[in-house]
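If you use my numbering, the sequence shown corresponds to residues 157 to 450, in order.
Even glycine gets a Cβ: it sits at the ideal position worked out from N, Cα and C.
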Amino acid sequence: MKYAVLEYRGYHIDKVCNLGDEIQSLAAERLLGGDVDYVPRDDLHTVDKKCVVSMNGFFLGSDNWPPSDSIKPVFYAFHVSKGSEQLICTPENISYLKKHQPIGCRDQGTEQLLKKHGVDAFYSKCLTLTFPRRERKPENGEIFIVGVDRKIQTVIPKSIRKRAIKVEQSTVRLPGLLPSIKRLMAQNLLDTYRDKAALVITSKIHCAMPCIAMGIPVVFLYDRKLENDYRIHLIADFLPIHYVSKSWLARKMFNPRIYSRRIDWSPAAVEMEAEKKRIRDGFLAAVKRVESSQ
157 MKYAVLEYRG
167 YHIDKVCNLG
177 DEIQSLAAER
187 LLGGDVDYVP
197 RDDLHTVDKK
207 CVVSMNGFFL
217 GSDNWPPSDS
227 IKPVFYAFHV
237 SKGSEQLICT
247 PENISYLKKH
257 QPIGCRDQGT
267 EQLLKKHGVD
277 AFYSKCLTLT
287 FPRRERKPEN
297 GEIFIVGVDR
307 KIQTVIPKSI
317 RKRAIKVEQS
327 TVRLPGLLPS
337 IKRLMAQNLL
347 DTYRDKAALV
357 ITSKIHCAMP
367 CIAMGIPVVF
377 LYDRKLENDY
387 RIHLIADFLP
397 IHYVSKSWLA
407 RKMFNPRIYS
417 RRIDWSPAAV
427 EMEAEKKRIR
437 DGFLAAVKRV
447 ESSQ
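Right, here's the structure in full:
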């Protein structure tokens with residue numbers, strides 16, 4: 157039976173392309189050996205060819221759930237957004253998840269959500285943490301600021317901001333991009349981080365996690381109002397999350413430059429090869445369980 161990974165054929169609700177989605181599928185594709193088919197994340201109910209599908213990623217951008225019976229799902233690094241609980245956690249759909257448990261969850265928020273509904277779930281972490289560590293650092297590396305709100309950027313020292321390359325990987329506004337082109341763009345972006353980055357400063361989890369895996373130093377900044385956003389809490393397993401207020405009053409009372417001094421702007425790369433192996437082995441074991449159940 158053919159392996160398959162998720163692809164994202166249309167715009168998101170906000171009319172932009174998020175290359176972080178493709179990065180998650182590239183991670184799964186790599187672990188499955190590279191020879192895979194692609195199935196539409198938002199139309200899994202239409203898939204009529206039998207396949208084993210890695211269900212790592214964000215669910216859901218549509219109301220089309222559960223997937224068709226042709227799909228043999230590998231639930232590992234699965235994420236359910238708070239807004240999708242009402243759909244995915246109906247009695248009927250919880251029964252679907254229980255048929256395929258245990259469910260490996262990308263974050264502890266999803267794990268707790270599924271356990272609340274009686275599903276056997278565990279914290280698997282994310283497949284984007286399994287990209288290979290780069291062999292060498294760039295001699296004259298660049299600093300990348302990726303997806304950081306302008307107000308949050310004010311805590312970044314001006315000397316860093318002036319020389320940094322700004323990237324928006326989650327808000328690509330190019331109409332009509334084919335999924336294959338988006339995958340190429342995502343791979344090219346990962347290759348650029350790997351080969352060029354001396355430091356990545358980001359608010360995007362699917363920039364931070366692959367960069368952590370590749371041995372790139374990362375500083376993670378996030379909006380203080382979103383401290384309860386369980387999507388990003390797994391970052392704290394590897395490096396500090398620096399919560400920054402965007403409010404005018406807080407910025408007036410607490411000078412961003414003062415907060416900036418608390419942040420290490422020359423962090424070391426994270427050593428996580430043992431954890432990477434655990435995630436990779438867990439995923440491949442989940443794939444084998446699905447194959448043996450057929």
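Among all the DSSP beta bridges, which residues are the ones paired with residue i?
| i | result |
| --- | --- |
| Cys261 | Phe234 and Tyr279 |
| Pro229 | Val209 |
| Cys173 | Val328 |
| Ala160 | Asp193 and Val209 |
Taking residue i as part of the beta strand (DSSP E), name the residues at either end of that continuous run.
| i | result |
| --- | --- |
| Gly213 | Gly213 to Phe215 |
| Pro335 | Element bounds for Pro335: not the beta strand (DSSP E) but the alpha helix (DSSP H), Pro335 to Lys352. |
| Val374 | Val374 to Asp379 |
| Ile301 | Glu298 to Val302 |
According to DSSP, is residue i part of a helix, a strand, or is it coil?
| i | result |
| --- | --- |
| His256 | coil |
| Lys322 | strand |
| Pro396 | coil |
| Thr358 | strand |
| Arg289 | coil |
| Lys402 | coil |
| Ile391 | helix |
| His273 | coil |
| Leu188 | coil |
| Pro313 | coil |
| Glu383 | coil |
| Asp198 | helix |
| Asn220 | coil |
Note the first and the last residue of the continuous alpha helix (DSSP H) segment covering residue i.
| i | result |
| --- | --- |
| His362 | Ile361 to Ala369 |
| Asp437 | Glu429 to Ser448 |
| Pro412 | Pro412 to Ser416 |
| Glu241 | Glu241 to Ile244 |
| Arg306 | Arg306 to Gln309 |
Give every residue of the same chain whose Cβ lies closer than 6 Å to the Cβ of residue i, excluding the five residues on either side of it in the sequence, and list them in chain order.
| i | result |
| --- | --- |
| Ser218 | Asp198 |
| Val192 | Tyr159, Ala160, Val161 and Glu185 |
| Gly239 | none |
| Ser210 | Val161, Ala184 and Val230 |
| Cys245 | His273 |
| Ile397 | Phe376, Tyr378 and Ile391 |
Can you give me the Cβ contacts of residue i inside the same chain, cut-off strictly under 8 Å, excluding the 5 residues immediately before and after it?
| i | result |
| --- | --- |
| Ser226 | Val203, Asp204, Lys205, Lys206 and Cys207 |
| Met157 | Lys206, Cys207, Val208, Lys228, Glu447 and Gln450 |
Keeping to the same chain, check which residues put their C-beta closer than 7 Å to that of residue i; ignore five residues upstream and five downstream.
| i | result |
| --- | --- |
| Ala425 | Gly371, Ile372 and Pro373 |
| Thr266 | Phe234, His235 and Val236 |
| His256 | Pro229 and Phe231 |
| Gln343 | Leu182 |
| Ile388 | Ile361, Tyr378 and Ile397 |
Using a threshold of 7 Å, is the CB atom of residue i nearer than that to any non-hydrogen atom of the ligand FMN?
| i | result |
| --- | --- |
| Pro373 | With respect to small molecules bound, the structure shown includes none, and the ligand FMN cannot be examined in it. |
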